[in-house]
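Comments concern the structure below.
There are 2 protein chains.
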Amino acid sequence: MQHKAKHEVEGKNCINKFNAVEDALYVIGGRWRLPIIAVLSDGNKRFIEIQRSVKGMSAKVLSHELKELELNGFVTRFLQDEKHVIEYRSTEYSRTLKKVVHALDEWGKNHLIKVRQR
Amino acid sequence: MQHKAKHEVEGKNCINKFNAVEDALYVIGGRWRLPIIAVLSDGNKRFIEIQRSVKGMSAKVLSHELKELELNGFVTRFLQDEKHVIEYRSTEYSRTLKKVVHALDEWGKNHLIKVRQR
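Quick note, the sequences are listed as chains A and B, same order. Numbered according to the numbering used here, the first sequence terminates at residue 211, and the numbering increases by one at each position without gaps. Numbered according to the numbering used here, the second sequence terminates at residue 211, and the numbering increases by one at each position without gaps.
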């Protein structure tokens, strides 16, 4: 795992609830990382399968995000022997994000219901 | 509340766990929105107080994000009569994000511990 927490990079020592949220978003923020991690939590996938599951993401962006996720220890790339294809799988560490993904999932669903009611 | 869920905008009807995570991130994603919401969950704040609490965010960005958060029903701007200053407060709807903020906070703290151990 190559990444550092944002406040570690900045040489600060403070941990409080706001900084921890910022730290988390520094590593897993952005529009695509958590959706990719959520998709892979459902099982190993090929590049094209991930792209199909996460709407609106170009191949170039997915390629970049997968490299970042691999570098940061959330995803591994491997040769699926039986199918002779490259697949991606989520790591043990990415499974520590389960609660975050679940909370976002739940909120997203309730938000959609709210939006539809209006 | 003016925002729509991403899949609502795109005219799609599908709800599944990946889309809900994407929807959530479409509305509250990015580097600053959740940290701002987290800071305001701790009490009403002036512009400068929010800026001091969320490290690395310029006044221009904060101004833009606060407008977006206000437009989307997460934050309200009001005149604090006693102090004669403008303050921002989180809305009832932003408090529905409590679990998301808590999960990110918890993950961020554990991540920092992990990074420091290496």
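Where is the CB? At the ideal position from N, CA and C, for every residue including glycine.
When C-alpha distances from W200 (chain B) are compared across A:Y181, A:L197, A:L190, the shortest belongs to A:L190. According to DSSP, residue pairing for L172 (chain B) in a beta bridge involves B:I179. With 16 or more neighbouring CB atoms inside 10 Å of its own CB, I130 (chain B) falls in the buried class. Taking K176 (chain A) as reference, the option from A:L118, A:K138, A:G122 with the minimal CA-CA separation is A:K138. Inclusion of V208 (chain B) and S134 (chain B) in the CB contact set at 8 angstroms is not warranted, their separation being larger than that value. Setting aside the 5 residues that flank it on each side, V114 (chain B) has no residue in the same chain whose C-beta is closer than 6 angstroms to its C-beta. Using beta-carbon distances, K176 (chain B) does not count as an interface residue toward chain A, since no partner is under 8 angstroms. In the structure shown, the three-state DSSP call for K191 (chain A) is helix. When DSSP states are grouped into helix, strand and coil, K138 (chain B) belongs to the strand group. Taking 8 angstroms as the cut-off between beta carbons, the residues of the region 198–209 of chain A near chain B are D198, E199, W200, G201, K202, N203, H204, L205, K207, V208, R209, in sequence order.
In the structure shown, R124 (chain B) falls within a coil segment according to DSSP collapsed to helix, strand and coil. Using a Cβ-Cβ cut-off of 8 angstroms, G122 (chain A) counts as an interface residue toward chain B, since at least one Cβ of chain B sits closer than that to its own. Out of A:Y119, A:L118, A:L127, the CA that lies nearest to the CA of V168 (chain A) is found in A:L127. Sorting B:L159, B:D116, B:H204 by C-alpha distance to the C-alpha of T184 (chain B) places B:L159 at the top.
Its chain contains V168 as the residues whose beta carbon lies nearer than 6 angstroms to that of L162 (chain A), once the 5 sequence neighbours on both sides are disregarded; these appear in chain order.
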